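Quick notes on the structure that follows.
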Amino acid sequence: MVGADRKTILGRLPYAGLDIESVETDSVRVEYSPNRPDFGTDFGIARALRGLLGKEAGLPRYETTPSGIAVSVDANLSQVRPYIACATATGLRLDDEDVRQVISLQEDLHNGLGRKRRTVAIGLHDLDAISPPLAYRAVTSEFRFVPLGARSASTVGQVLSKTPEGKSYGNSLPLRGPFPVITDSKGMVLSFPPVINGAATKVTARTRNIFIDVTGTDKQAGDDALAVLTTTMAEAGAAIGTVSIGRGKSGRITPDLSPRDLPLDMDLVRSSLGLDLTKKQMAQALGRSRLEVKGSRVLGARYRVDLLHPVDVAEEVALGYGTDRIGPIYPPSKQPGRFHPFQQFLDSASTVMAGSGMIELMTFELADAGSLYEKFGRASTSKIAVRDPRSIEHSLLRDALLPTMMAALSGNVKSDYPQRVFEVGRVYARSGGGVSEAWHLGCLVAHSNSNFSEAKMYLESVCRTLTGAEVSAREAEHWAFAAGRSASVGLEGAPLGSVGEVRPEALEAFGLNVPVSGLELDLSALYKRLK
Amino acid sequence: MLALKKGALYFDALVAETELKEDQIRRALQWLSSKKFVELVTETGDRVTSLVEETPELELVRRIQEAGGALPLEEAKRTFASSDEFSAAIGNARALGWVQIRTDGTVTRFVLGNLGDLELHQNLLARSFGKSVDIKSLGEKERALADRYVERGVMKKERSRLVWVKPTQLWKSSASGKNASTRDSGEPQKLMEKLTPEILASRSWKGLRLRPLDVEAKAPRFFPGRRHPVRDFINEVRETYISMGFTELDGSSVHPAFWNFDALFIPQDHPGREMQDTFYLEGLEDKKLRRSGVVANVASTHEDGWRTGSRGWRYHWRIEEARRLVLRTHNTVLTVKALSESKEKEARVFAVSKVYRNENLDYKHLAEFYQMDGIIVGEGLNVRHLMGFLQEFYKKLGMKDVKLWPTYFPYTEPSFEVVGYSDITKSWIELSGSGVFRPEVTLPLGVRVPVLAWGPGIERLMLMRYGLDDMRALYGGDLSWLRNRVEFASSQN
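Going line by line, the protein sequences match chains A and B. Be aware that the first sequence starts at 1, since it is given in the numbering used here, and climbs by one per residue. Be aware that the second sequence starts at 1001, since it is given in the numbering used here, and climbs by one per residue.
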């Protein structure tokens, strides 16, 4: 397909923007970026590689012939799903692997350009089962047809409410209709976009001639998707036929395979790549990227949906030229670097605590309600939740360090005691309509004689060592600490943190069998007092 | 050693008798048993430990004694931390007959009753508070009392190993061990146990020898305090950046979607913005964000390219979508914000901080992890400088063979994936995304000079360095790993 040996191809794939995931004896698995849907099949990759390896250059051109098929468009769909574009691909000789690739390309187009079929949906049909002309028309929820995969007819309403496709893709349609369908001259249903095809025009491995419909809410995205699909099929050996859509002023012929163009901004190319290339060299490089220079413009095939801005031409020059041939230059620095003073402060807190004999923990900022609230028996009225978390373990933003640190201790009950741990981490609180963030120091001391005064000793010593501050304490209730063994600490009346002996209820809930005392200090507040 | 004159003793009793530290005695016994002077016999038995220094009833008695034998109820109540504790004190003290209640007129007072077994209680608690005591070493009455205390939760009882220390025949024949320590040297010499300030002041150490210890015995296990390996690695990265002339940024984790996505030319219907990948905060938005200034420039760039020369993404841009609060999914949000705030034509900034993705955790995915993003802003910068910088940067971090492969990101053009050759996996591994910011990103912010940008993760490099294969291990808080990992392993660098 490419006309080159295996080693040459493998060596070039990364420089075409394709990630090699794994290499087998007679195949290679690659990952492509969503901006290049034309890389969705072997055919599209081979087309690009033939350019990079110098086997073919410039714009690939595709012949089309009229298929004689016309599609009428119902004006009632203009507010629902206004755009439709169609094409035929005939004379295909696809093996199972080819069919699998075409279907996966269709899925990739649905998810990428098609935004989960909302913007663009594609239907593939057996052309020989269709009696033209076709109609893209609006129906009610009572309209009946046999959907793909079913044996008997259902109404549009039933398909929407009962089938998995209806539930996944029906939400882009208006609740009460009208609903779009594509029918042929005998009234047979090809498709109910973007939900499901009809059963009568199903494509199988024996299908040689295909009819493609693309419907959507964005004309350009739909035309782009159809261009990617038809040119891929042309690479696979199909003849592409055009279809006449609508009538009169709004009538048009699809697929639109006319090239797109961007200005060739030679200064931009040179300055962006740092290469002093002539126009001829640029044209040569662009040819290898399957683009073509025409005067002061650069033409790109319609399937190149990634070309947005003249700067995109620069990258195409780089690819055609070979990014491995662009020599690196180290840009020397003219200024000295500078640490952020607050980050240095946080780092110093860690140094002091480690120097006090403690092990540093780094726990997650997202936690579960059990650790954060329930195990301490505290109310969760001001919790900050993330939407639809994949895991309940990471569903709430922590407002303190002690809960996740306690959870860490509960995972270490088999480790030697005494256990003295600390963490310097970020915590969150609701503030006004939004969220405020602060850095805290948490510390837990677990051993059979752990007590209030040991924790307070660490708290006072870290404040003193970091800032020279002598903090004062007064008795205050705290959700983590036992009554009478719990104090709030502050500086000149401003609260900075808490210290105490962890409540026995919490020890029990976390499965800890030794007393634990601890502290939590607001380092952000302490730093502000310093300044 | 003299303590053993009386005969066999428990290890604990030996500790109590000699006032030496446990590990000192352990070392001494190891030596004595190696010389066959003593025999160590292990047996299991019960031990009790008092969890309190004083029970509430003992406290009440003490308060009454301090007050001269009678104490008004109201006054007594104030001295207790909680009313639960107070009522426990009254109940127990009355049941034991220690305290009686007298009311004359309006005042209710506590007075002392029969304090017969008070001392028994006090002694038991004093002996066992904070240290475990062998139950066999207690008298009959003490043992019964200890059992009651265990039931009440005042004491805890544990089954544990007890070590009997028994002097051997050899010990007895060598004059009760008098010469045990000098036996080897042959010439008797006066020994001292340890140097003390007094001995030093009087210089009485002259002519004395320190008793030889078994210096080969294992010392007690100790775990030094340590910083987290991720912090060490982050600091290594920070120092690398500083050495290359970068200024460090600090910023919040929560941002409006505008800065995380829109300002980076990521269209509002981009699959990456969906909830499966991004943590949106429930019910929270930045209401102050309006379509004016930079926000308006960005919005128009999305819609039709604005004045950037781009086609744009051609859709209707919505302020509501931009206002939603998200946990940043990359740190480029910090560098881009810094870019829009400072109008400097030349700058190098970086941030090593957390990013958040709505992922299920597995060996190579975390919901929170670190990235070390940086940008270089400057007239005349291009792709070659990006390549030169990244090769140098990774060389400093220990990756010698680094290549750039073209790839795609919505906000850079050209875009490159930085890959490094791993001697461990014998393959090229992804290190970072990188590229030159698109005009659609820089122009709306008012930046007219090229910006080189990259955003590498750190966990992959750390796994290689620590020989781990599961990212979760880095943040699992496993103390045995954090305590025992080797600071300078030979595989490092």
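All residues carry an ideal CB built from backbone N, CA and C; glycine is no exception. Because the structure is a prediction, the values reported are computed rather than measured.
Query, Result
"Can you give me the Cβ contacts of Tyr458 of chain A inside the same chain, cut-off strictly under 7 Å, excluding the 5 residues immediately before and after it?", "Ser356, Cys443 and Leu519"
"Looking only at its chain, what residues have a beta carbon closer than 6 Å to the beta carbon of Ala283 of chain A, apart from the 5 residues adjacent to it on each side?", "Val293"
"Could you tell me how far apart the beta carbons of His110 of chain A and Val203 of chain A are, in whole angstroms, since I believe they sit closer than 8 Å?", "16 Å between Cβ atoms; not a contact."
"Would you report the Cα separation of Leu77 of chain A and Pro180 of chain A, rounded to the nearest angstrom?", "7 Å"
"Does the stretch 1338 to 1355 of chain B touch the stretch 1366 to 1377 of chain B, meaning 3 or more C-beta pairs lie closer than 8 Å?", "yes"
"Tell me which same chain residues have a C-beta within less than 8 Å of the C-beta of Arg1483 of chain B, skipping the five on either side of it?", "Phe1223 and Arg1226"
"What is the residue span of the beta strand (DSSP E) that Phe1350 of chain B lies within?", "Ala1347 to Tyr1356"
"Is it the case that the Cβ atoms of Ala227 of chain A and Arg297 of chain A are separated by a distance below 9 Å?", "no"
"Please name the residue or residues paired with Leu1468 of chain B in a DSSP beta bridge.", "None, per the DSSP bridge assignment."
"For Arg50 of chain A, would you say it is in contact with chain B, using Cβ-to-Cβ distances shorter than 9 Å as the test?", "no"
"Could you say if the stretch 1321 to 1330 of chain B and the stretch 1250 to 1258 of chain B meet the contact criterion of at least three C-beta pairs nearer than 8 Å?", "yes"
"How long is the line joining the alpha carbons of Ser1422 of chain B and Leu1474 of chain B, rounded to whole angstroms?", "20 Å"
"Is Asn197 of chain A helix, strand or coil when you go by DSSP?", "strand"
"Take Arg503 of chain A and list the residues in its own chain whose beta-carbon comes closer than 6 Å to its own, dropping the five residues that flank it on each side.", "Ala482"
"Mind pulling the chain A residues with CB within less than 9 Å of His1385 of chain B?", "Gly274, Pro328, Ile329, Tyr330 and Pro331"
"Could you say which of B:Gly1245, B:Ser1292 and B:Glu1321 lies nearest to Ala1347 of chain B if we only look at CA atoms?", "B:Gly1245"
"Quick check: is the beta carbon of Pro336 of chain A nearer than 9 Å to any beta carbon in chain B?", "yes"
"Ordered along the chain, which non-local residues of its own chain (more than five positions away) have a Cβ less than 7 Å from that of Ser1181 of chain B?", "For Ser1181 of chain B, the predicted model reports a pLDDT of 48, less than 50, meaning its position is unreliable; a value from the coordinates is still stated below. Cβ within range, chain order: Leu1191, Arg1211 and Pro1212."
"From Ala16 of chain A to Asp1362 of chain B, what distance separates their C-alpha atoms?", "31 Å"
"So does the stretch 496 to 515 of chain A actually touch the stretch 394 to 411 of chain A, counting three or more Cβ pairs closer than 8 Å?", "yes"
"Apply the 10 Å Cβ neighbour rule to Ser250 of chain A and answer buried if 16 or more other Cβ atoms are within range, or exposed otherwise.", "exposed"
"By the 10 Å Cβ neighbour count, where 16 or more other Cβ atoms means buried, how is Ala48 of chain A classified, buried or exposed?", "buried"
"Express the C-alpha separation of Arg1026 of chain B and Thr1196 of chain B in angstroms, rounding to a whole number.", "21 Å"
"Taking 6 Å as the limit between beta carbons, can you name the residues of its chain near Arg29 of chain A, skipping five residues before and five after?", "Glu21 and Ser22"
"Can you tell me whether DSSP reads Thr230 of chain A as helix, strand or coil?", "helix"
"Mind checking the stretch 1385 to 1405 of chain B against chain A and listing, in chain order, the residues whose C-beta falls within less than 7 Å of any C-beta there?", "His1385, Met1387, Gly1388, Phe1389, Gln1391, Glu1392, Leu1404 and Trp1405"
"Between Leu526 of chain A and chain B, is the shortest Cβ-Cβ distance under 9 Å, so that the two count as touching?", "no"
"Can you tell me which residues form a DSSP beta bridge with Trp1428 of chain B?", "B:Tyr1421"
"Under 9 Å, Cβ to Cβ, is there at least one residue of chain A near Asn1358 of chain B?", "yes"
"Since Leu109 of chain A sits in a beta bridge, which residues does DSSP pair it with?", "DSSP lists no partner for Leu109 of chain A."
"Given a limit of 9 Å on CB to CB distance, which residues of the stretch 278 to 311 of chain A reach chain B?", "Asp306, Leu307, Leu308, His309, Pro310 and Val311"
"So Ser524 of chain A is in the alpha helix (DSSP H); what residue range does that whole segment cover?", "Leu523 to Leu530"
"Hey, does Asn111 of chain A have any beta-carbon neighbour from chain B nearer than 9 Å?", "yes"
"In the DSSP assignment, find the unbroken beta strand (DSSP E) run with Gln335 of chain A in it and report its ends.", "Run containing Gln335 of chain A: none; DSSP gives neither H nor E here."
"Would you tell me roughly how many angstroms separate the C-alpha atoms of Ser1176 of chain B and Trp1164 of chain B, rounded to the nearest one?", "Low confidence applies here, because Ser1176 of chain B scores a pLDDT of 49, under 50, leaving its location unreliable; read the following figure in that light. Straight-line Cα distance between these residues: approximately 18 Å."
"Report the residues of the stretch 369 to 402 of chain A with a CB closer than 7 Å to any CB of chain D, ordered along the chain.", "Chain labels in this structure do not include chain D; the protein chains are A and B."
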